Structures are given as C-alpha cells and as structure tokens.
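Chains as they are written, first to last, in our numbering: chain A, 1 to 120; chain B, 121 to 240; chain C, 241 to 360.
Notes for the one structure printed next.
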Amino acid sequence: MTIQRIGLRPEKSPLYNKAVIHGGVAYLAGQVAVNPAPTAAEQTRQILAQIDDYLSQCGTDKSRLLTATVLFADMRDYAAVNEVWDAWVVPGSIPTRTAFEAKLVTQHNLVAIQVSAAMP
Amino acid sequence: MTIQRIGLRPEKSPLYNKAVIHGGVAYLAGQVAVNPAPTAAEQTRQILAQIDDYLSQCGTDKSRLLTATVLFADMRDYAAVNEVWDAWVVPGSIPTRTAFEAKLVTQHNLVAIQVSAAMP
Amino acid sequence: MTIQRIGLRPEKSPLYNKAVIHGGVAYLAGQVAVNPAPTAAEQTRQILAQIDDYLSQCGTDKSRLLTATVLFADMRDYAAVNEVWDAWVVPGSIPTRTAFEAKLVTQHNLVAIQVSAAMP
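Take a look at the structure:
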C-alpha cells in the first residue's frame with residue numbers, strides 16, 4: 001500500500017507532516033491553533049478549521065472521522081470546548097474520542113486535537 | 121471501505137461514538153468507569169468490562185486487541201492497575217501499550233483505557 | 241486479516257507486546273529508554289534506536305513511519321528532543337506527530353515515543 005504525505009512544513013525544521021494517508025485512512029498531526037486566540041473555545045474553532053482544511057487537502061471530510069483525541073491544558077475548559085466540538089461534528093458520523101488534560105507545546109495553547117478519518 | 125459506528129450516546133450530547141469500525145479495525149473510545157468505584161483497581165475492572173462489552177458489540181473480542189493506551193490519574197496506581205490488566209489480557213494475544221499520567225475528565229476517574237482491535 | 245505479534249516480553253509479566261502488525265500497519269508500543277541516560281536528548285537517541293530495532297523486527301523501517309506521539313516529562317526538553325528527532329527522521333518521509341507533556345512510568349523517564357509504520 002502506498003503512503004501519501006500532505007503538508008510537510010518546508011518553512012521550518014521538518015518535525016512532522018500535517019497528514020499521512022495509508023490504507024484508506026488519513027492520519028492528521030495533532031493540531032494546536034497556529035495563531036492561538038485567548039480562549040479555549042475560540043482556539044477550538046481555529047483548530048477545527050485547520051482540521052477541515054487538512055481533511056480537504058487529503059480528499060476527505062469530517063463526515064468520515066474515525067477517531068479523535070482532545071487534549072485540554074486545563075480541564076476546566078471541558079464544557080466550553082465540547083460546545084464548539086458538538087456544533088462541528090456531523091450527527092450520525094461522530095468519531096470515537098479520548099480526552100485528557102496535558103500541558104501543551106506552549107503556554108498559549110489551551111487545546112490540541114488529533115483526528116484520523118477514512119478516505120472516500 | 122465502509123464505516124460502521126457503534127453505541128452513539130443518544131441520551132446525551134453526541135460527543136462521540138463508543139466504537140467505529142473501518143478497514144478491519146474496531147477503534148474504541150477511551151473508556152473511563154461509568155460509575156467509578158473508589159479504587160483504581162476496581163475502576164480498571166469496570167473499564168475492562170465496558171471494553172469487553174463494546175468489543176462484543178463490534179463483533180470482536182480481547183484476543184484480537186492491537187493497541188492500548190492506559191492513562192493513570194496518579195502513577196502510584198501503576199502496579200494495582202497492571203495486576204488487573206495482566207489478569208484480563210489473553211496470553212499470546214496481547215496488544216502494544218502506551219502508559220502515562222494525565223488528569224482525567226473528572227476527579228473521580230482514576231484510570232482511562234483506549235484500545236483498538238482487529239475484526240475477525 | 242491476520243495479526244502478527246512481535247517481541248512479547250517473556251521475561252516479565254506480559255503487560256504488552258512491543259509491536260503488533262495488522263492490515264499492513266506495524267503498531268509499536270510506546271517506548272521509553274530501557275536504561276535511561278541522564279538527559280532527554282540522550283534518552284531520545286536510546287528510544288529511537290529501540291524503535292529502529294523493533295521496526296526492523298517487524299520488517300519495515302523509519303522511512304515508512306505513519307504517525308508518532310512524543311511525550312515529554314518536562315516540556316522544557318522540547319528543543320533538545322526535537323533536535324535528535326529531526327536528525328533521525330527521513331526527509332520527505334516524515335510521520336504526523338502529536339506532542340504533549342505527561343508524567344511517565346518512572347521519574348527517570350524523560351521522554352516516551354510511540355509510532356506506527358506502514359509495512360513494505
């Protein structure tokens with residue numbers, strides 16, 4: 001099976017690809033907000049827009065999500081993040097999910113989300 | 121490849137599915153004990169029973185586990201959780217595993233376990 | 241699809257396999273340094289050597305990596321770990337990645353890395 005790599009970061013040290021497609025699955029890198037807004041809810045909107053963009057670059061979309069991991073810098077943001085998440089997912093096509101609290105790459109990052117999705 | 125979704129939580133906001141099947145793999149949501157017992161060992165038994173149930177709903181079982189992630193709210197529970205885990209896994213059919221400490225969704229949740237399993 | 245399990249730890253309680261192969265994907269257990277060196281950079285070198293070894297036992301290699309998760313016991317080691325990581329990955333064949341801070345199994349473990357790779 002071939003491997004397709006999307007969105008290598010040529011502008012920086014190539015720490016990672018934004019997405020890798022293999023065996024009918026698109027694996028996205030864990031996303032934090034590129035220009036983090038001040039609140040977790042706003043960052044969640046930013047992250048989900050980034051995910052929509054990368055899914056589109058892969059040739060798939062959020063209706064085909066398989067798995068999600070949601071990392072909270074502070075679990076007190078749980079309800080605010082979930083409200084944005086709930087409005088974004090496609091009813092009847094919702095992925096599995098794992099959620100926990102973890103310190104993220106910078107202090108400004110309040111949320112990180114990693115997903116995988118099936119290809120059409 | 122088709123996507124099959126198991127155990128959507130209709131009683132609540134549909135944050136996630138309990139399991140998604142795609143490409144011969146069943147991905148389960150990270151499980152915490154639904155009615156958390158007071159100790160990590162007891163919660164591990166509760167979680168593993170939930171996982172057995174969801175694997176069964178997917179049409180597979182613990183002898184076909186591929187991967188596991190075990191999250192400890194307090195790493196001091198490591199030995200107690202592992203003892204329950206060791207008694208549950210099928211010798212010769214054990215998944216890969218990643219373990220770390222993370223604060224979970226509520227203070228009452230001492231352990232969370234996420235697995236994937238091959239379909240028969 | 242068959243399941244192939246690599247590197248079961250017969251010397252210890254069989255908590256996990258080091259790698260499981262299924263559906264053209266090799267899933268490796270999260271690796272910490274077996275004999276942890278004093279610095280995160282050195283531990284990263286040790287871990288990446290362990291990963292090379294397990295990928296080889298699976299019959300694949302780092303040029304076919306799909307995903308990586310990098311756990312830092314202390315996010316202040318981010319740059320030092322990334323420098324070793326950057327020198328190890330194969331340009332143009334870099335996996336997706338998710339990174340966060342988490343307390344690991346022992347205080348001596350400063351880094352843990354989990355990867356999946358495509359089989360040839």
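Every residue gets a Cβ at the ideal spot worked out from N, C-alpha and C, and that includes glycine.
Computed from a predicted structure; not experimentally measured.
Below 8 Å CB to CB, which residues in the same chain sit around residue i once its five sequence neighbours on both sides are set aside?
i: I3 of chain A; result: V20, I21 and H22
i: G264 of chain C; result: A358 and M359
i: A87 of chain A; result: none
i: V329 of chain C; result: K302, L305 and P335
i: D314 of chain C; result: A280, E341 and L350
i: P331 of chain C; result: none
Do residue j and residue i count as a contact pair if the criterion is CB distance below 9 Å?
i: T216 of chain B; j: L168 of chain B; result: no
i: I113 of chain A; j: G7 of chain A; result: no
i: F100 of chain A; j: V235 of chain B; result: no
Who does residue i pair with in a DSSP beta bridge?
i: R5 of chain A; result: A:V20
i: Y267 of chain C; result: C:V260 and C:S356
i: R97 of chain A; result: A:A68
i: K223 of chain B; result: A:E101
i: V272 of chain C; result: Bridge partners of V272 of chain C: none, in fact.
i: V201 of chain B; result: None, per the DSSP bridge assignment.
i: V111 of chain A; result: A:F72
Between residue i and residue j, which are expected to be in contact by the criterion C-beta below 8 Å, what is the C-beta distance as a whole number of angstroms?
i: T300 of chain C; j: A342 of chain C; result: About 27 Å separates the two Cβ atoms, so there is no contact after all.
i: F72 of chain A; j: V32 of chain A; result: Between V32 of chain A and F72 of chain A the Cβ distance is about 12 Å, and since that is not below 8 Å, they are no contact.
i: T98 of chain A; j: T69 of chain A; result: 5 Å
i: A157 of chain B; j: Q166 of chain B; result: 6 Å
i: V154 of chain B; j: Q177 of chain B; result: Not really, about 15 Å apart at Cβ, beyond 8 Å.
i: L15 of chain A; j: N349 of chain C; result: Going by Cβ atoms, the distance from L15 of chain A to N349 of chain C rounds to 21 Å, so no, they are not a contact pair.
Within its chain, find whatever has a CB closer than 6 Å to the CB of residue i; leave out the 5 residues flanking it on each side and keep chain order.
i: S213 of chain B; result: S183
i: Y155 of chain A; result: A query on residue 155 of chain A cannot be resolved here, the shown segment of chain A reaching from 1 to 120 and no further.
i: V84 of chain A; result: A41, T44 and R45
i: A80 of chain A; result: A40 and A41
i: Q227 of chain B; result: none
Excluding the 5 residues flanking residue i on each side, which residues of the same chain have their C-beta closer than 7 Å to its C-beta?
i: R5 of chain A; result: N17 and V20
i: D52 of chain A; result: K62
i: Y318 of chain C; result: F312
i: M1 of chain A; result: H22 and G23
i: R76 of chain A; result: none
Taking 8 Å as the cut-off, is the beta-carbon of residue i closer than that to any non-hydrogen atom of the ligand GTP?
i: D194 of chain B; result: Because no ligand of any kind appears in the structure shown, any question about the ligand GTP cannot be addressed here.
Q.
At a CB distance below 9 Å, what residues from the stretch 212-233 of chain B approach chain C? Give them in sequence order.
A. G212, S213, I214, P215, T216, R217, T218, A219, F220, E221 and A222
Q: Scan the stretch 43-60 of chain A for residues whose Cβ lies nearer than 8 Å to a Cβ of chain B and list them as they occur along the chain.
A: none
Q: Note down, in chain order, all residues in the stretch 13-35 of chain A with a beta-carbon under 8 Å from any beta-carbon belonging to chain C.
A: S13, P14, L15, Y16, N17, K18, A19, V20, H22, G23, Y27, L28, A29 and G30
Q: Could you please tell me which residues of the stretch 306-327 of chain C, in chain order, have their CB closer than 8 Å to any CB of chain B?
A: T309 and L311
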